[in-house]
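Engineer: Okay, handing you the structure first.
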Amino acid sequence: MNLSRWGSGILDRGVGPLFLVPALLLLVVLLVGPFLYMVGVSFTDLSFALPGHDGNFVGFENYRRLMREDPVFWQSFGTTLVFVSGVVSVEFGLGFALALLLFHHVQRRRFVLTLLLIPMMLAPVAVGLMWKLMLHGEFGMLTHYLRELGLLGPQTALLGNHDLVLPTVMLVDVWEWTPFVTLVFLAGLLSLPREPFEAAVMDGARPWQVFRDITVPLLRPIIALVLLLRGIDAFKEFDKVFILTGGGPGTATELISIYAWRVNFRNWDLGYGAVCAFMVYLVVLILCAVSYKAIYWTEGRAVK
Amino acid sequence: MTEHTKSRFGKLLRLSAAVGSVSLTLAYAAEAGAWSLEEAAAPYKGTTIRTIGESLPPLEAMDKLKHKFEERTGITVVIEQYEHSEAVNKVMLDLNSKRGRYDFILQPHRELGRFVANGHLTPIERFMNDPKLRDPAFKPEEVLYQGLWKEISWYEGKAYGFPFTALTMYLWYRKDLLEDPKERAGFKAKYGYDMQVPATWDQYRDLAAWFTRPEKGFYGTAIQGKRHEALWYEWLNFLYSFGGDMMEAKSGSECGPIIVNSPEAVESLDYYKGLVKYSPSDTLNYFWDDVMVAMQQGKAFEMIMWNDATYAVEDPSQSTVSGKMGFDLIPQGKGGKVGQVEGWTYLIPAYAKNKEAAYLFIQWMMAFDQQLEQHMNGGASSRPDVYAAPDVQKITYSKASMDTNAVAIAKPTIPESPELTEILVLELSNVLAGKKTSQEGLDDAALAMNKLLGDCAPLKFPVK
């Protein structure tokens, strides 16, 4: 009796937040610390390759170089934008459609869902290697059937052709991540209240009207969440593309993360590499802020 | 660099082959003296030395040999084997963190400049001048290909190690098909001359065109078109052979006027690009492993490939074409007989904890018996006497290796050279992918090289 009163007394006096300390400590050590270090390095000339570049302070020189003198960076930035907008919109449309199909028309959802989730459960490196084999120009299964169907010439390979390679790696990403979108939407659909739907049907609304005026507005937070998560993930995409093409041919699939890797771990130009990595962070931050706003904007409206 | 290096290699080859056997006899006579490996290693008994290198036949062969050293000295040798880039990256991190995980390292010589410039290495003289460590019978200045040693393990006139492998590229072709009467008759009818081992690049292209049969999954050649170092290495053969080079410099540790966009270089790249249509469909996604597999599976007629991979194509347990292969120098262009050399070298980091024990192991590995055994199991020795050994002479690709060693041209090893590689890989890849013409790509490469190196490397050919 006394003990519990004593306990709650301590909590009242504001000891509660102390329990957050271990988690915060981890966050500082593993995230905030390295991040600040990276920002620090981005103002230096640190390079493991060149003599005399021991981390001397150079001010905004690296940032200036990025803005003014590095067309390859901006090219890969553009490629990344194409990649992200492409995969996220296809995954979104396809995933949403699949979720609706499962929700309305499929009885044994659990079984289908398990099958659907397989691509997502594989390690990205495994996905990359698997597709590399399937798309191989000489003994790839998919290449073989595409050629049988006459969709691919005997001297063309999906991963070796400058124009086809980016859509191909995007397709692999769609294959891997659409199930995730489906899963989240399905969970969202299952959690929606039944009443508004029943009321709408009573009022004689058509299925399309129900979808447009009830389902979509109610799912808005989920939509924002899906776009946010997939957007961030796609922006950071590295492993699959790295294994499939290494960024080539030429710069056809050089995403910003691959470029940053090149600067950091091929040229060991760590000062400049930090700026490239910082740019990735900046874009992701903006994405987060926008989505965050979108979620709250929706809730605000819903309250009205 | 071209003429200079070539004549030097040629002379040294003849010289060292002659001197090799004499010096060996002398060396063995001198060994009667006091030095023995067991005695020299006694203070280090029980220590463990660790090294790292590329997981390929030469290192696998060393792994199989090391137990002999361990039994004689009581020193344990741990060998970490990784893929090429991984092995380079791990060393880079170890050296920069100054942790001294590795007691000696095996690295490609293009890394040498940045290691030396950053003070990461211990010059090998320190051990060579120590009578307790130096085996008097080991005379690298007599028993190694001097040119290879200087290019692979020296920087600015100082020795930092010994060549682990002398890696060169030469012609691989399907001898059985070249000798097939039906093919010969058909070829002659079409091209008007007898089918033969290609001596010129025109002949090389004719053969590639003749054997390209995509409907049967067979191709004239296979080029290493992936955006990867492999692409640059392969193109260098063409560049040198067409009479071009990257820079005009006397040695790898100097820079000089940039000539990578010379007319010869552009011509070589145009020619190289022309081979894409005689290659498998995803040749632009191939690097050395992929073309090797294409050859092992009997899917290509000819290619320019590495000597340290040749073992794998002649090994019946992993190749369907072993015994059917022929090997020779690459075809000749304006540049005459050439080859490109990339060596991996033994080096001892400044931060290593057991430098002396590491030196003893390296010295032991460089001795004739170990070099011979390593070479027979897929190594690429830098000792002419190894190539002269009767067993080695029997290996089908021995002559091609030796001939290429003699005419091999070295490449820059300045601290910026890995970045030069990146620049060229990018532009070569752009050209092969059809994004730029050969002239545009090489002009852009020349500009980027100039920007990286500054005043010491002016542009020799105007950028259009």
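If you read the protein sequences in the order shown, they are chains A and B. Heads up, the first sequence stops at 303 in numbering that gives the first Met the number 0, and the numbers go up one at a time, no gaps. Heads up, the second sequence stops at 463 in numbering that gives the first Met the number 0, and the numbers go up one at a time, no gaps. For glycine and all other residues, C-beta sits at the position ideal for the given N, C-alpha and C.
(1) Checking contacts by CB at 7 Å: is A/G32 closer than that to chain B?
(2) Is there contact between the region 323-331 of chain B and the region 169-185 of chain B, where contact requires at least three CB pairs shorter than 8 Å?
(3) What does A/F264 reach in chain B if we use C-beta pairs closer than 7 Å?
(4) Is there a Cβ of chain A sitting closer than 7 Å to that of B/A456, yes or no?
(5) Residues in the same chain with beta-carbon distance under 7 Å from B/D442, minus the five sequence neighbours each way, listed in chain order, please.
(6) Tell me where the beta strand (DSSP E) around B/I48 begins and ends.
(7) From the DSSP output, in three-state form, read off A/R229 for me.
(8) If you reduce the DSSP assignment to three classes, tell me which class B/F163 lands in.
(9) Against chain A, does B/E439 count as a neighbour if the rule is that its beta carbon must be under 7 Å from one of theirs?
(10) Determine the chain A residues that contact B/K298 at a beta-carbon separation under 7 Å, and present them in chain order.
(11) Can you tell me the Cβ-Cβ gap for B/K354 and B/Y285, rounded? I've got them flagged as a contact below 8 Å.
(12) Using a Cβ cut-off of 7 Å, which residues of the region 48-68 of chain A contact any Cβ in chain B, in chain order?
(13) Pick from B/P122, B/A432, B/G160 and B/K450: whose alpha carbon is nearest that of B/L419?
(14) So which residues on chain A does B/T282 lean against when the C-beta distance must stay under 7 Å?
(15) Can you give the Cα-Cα distance for A/L99 and A/R193, rounded to whole angstroms?
(16) I want to check one thing, is the minimum distance from the CB of A/V240 to the heavy atoms of the ligand ZN below 6 Å?
(17) Grouping DSSP H, G and I as helix and E and B as strand, with all else coil, what is A/T78?
(18) Give the DSSP-derived three-state secondary structure of B/L230 in the structure shown.
(19) Please state if the CB of B/M168 and the CB of B/I78 are separated by a distance shorter than 7 Å.
(20) Under a Cβ-count criterion, where at least 16 other Cβ atoms within 10 Å of its own Cβ denotes burial, should A/N55 be classed as buried or exposed?
(21) The beta strand (DSSP E) with A/I255 in it runs from where to where?
(22) List, in order along the chain, the chain A residues whose C-beta lies closer than 7 Å to that of B/G156?
(23) Thinking C-alpha only, which one of A/V27, A/W174 and A/P178 is nearest A/L112?
(24) By DSSP, does B/Q317 sit in helix, in strand, or in coil?
(25) Any Cβ of chain B within less than 7 Å of the Cβ of A/Q74?
(26) Just to make sure I have the definition right: I need the residues of chain A whose C-beta is within less than 7 Å of the C-beta of B/K67. Which are they?
(27) Check whether chain B comes within 7 Å of A/T155, counting only Cβ atoms and requiring the distance to be less than that.
(28) Just curious, the beta strand (DSSP E) that B/V292 is in, first and last residue?
(29) Identify the continuous beta strand (DSSP E) that holds B/L105 and give its terminal residues.
(30) State the Cα-Cα distance for the pair B/V196 and B/R204, rounded to the nearest angstrom.
(31) How is B/K347 classed by DSSP in three states: helix, strand or coil?
(32) Along the chain, where does the beta strand (DSSP E) that runs through B/M302 open and close?
(33) Should B/M245 be labelled buried (16 or more other beta-carbon atoms within 10 Å of its own) or exposed?
(34) Cβ closer than 7 Å: which chain A residues qualify as neighbours of B/H83?
(35) Where B/P130 and B/A357 are concerned, what is the direct C-alpha to C-alpha distance, given to the nearest angstrom?
(36) At a CB-CB cut-off below 8 Å, which residues of chain B make contact with A/A259?
Structural biologist: Straight from the coordinates:
(1) Judged by the 7 Å Cβ criterion, A/G32 is not in contact with chain B.
(2) A contact exists between the region 323-331 of chain B and the region 169-185 of chain B.
(3) N88
(4) Judged by the 7 Å Cβ criterion, B/A456 is not in contact with chain A.
(5) N260, V462 and K463
(6) T47 to E53
(7) helix
(8) strand
(9) no
(10) E137
(11) Contact doesn't hold; Cβ gap of about 40 Å is too wide.
(12) A48, L49 and P50
(13) B/K450
(14) G159
(15) 15 Å
(16) As for the ligand ZN, it is missing from this structure, which has no ligand bound.
(17) Here A/T78 sits in helix by DSSP.
(18) helix
(19) no
(20) exposed
(21) Element bounds for A/I255: not the beta strand (DSSP E) but the alpha helix (DSSP H), I255 to F264.
(22) Under the 7 Å cutoff, chain A gives no residues; its nearest Cβ is about 17 Å from B/G156.
(23) A/P178
(24) coil
(25) For A/Q74, the answer is no, since every Cβ of chain B falls outside 7 Å of its Cβ.
(26) Those within 7 Å of B/K67 in chain A number zero; the least Cβ separation is about 36 Å.
(27) Chain B has a Cβ within less than 7 Å of the Cβ of A/T155.
(28) Where B/V292 is concerned, there is no enclosing beta strand (DSSP E), although the alpha helix (DSSP H) it sits in stretches over W287 to Q295.
(29) I104 to P107
(30) 12 Å
(31) Reading off the sequence, residue 347 of chain B comes out as Ile, not Lys. In the three-state reduction of the DSSP assignment, B/I347 falls in the coil class, being assigned neither a helical nor a strand state.
(32) E301 to W305
(33) buried
(34) Those within 7 Å of B/H83 in chain A number zero; the least Cβ separation is about 12 Å.
(35) 16 Å
(36) Neighbours of A/A259 on chain B: none; closest Cβ ~14 Å, over 8 Å.
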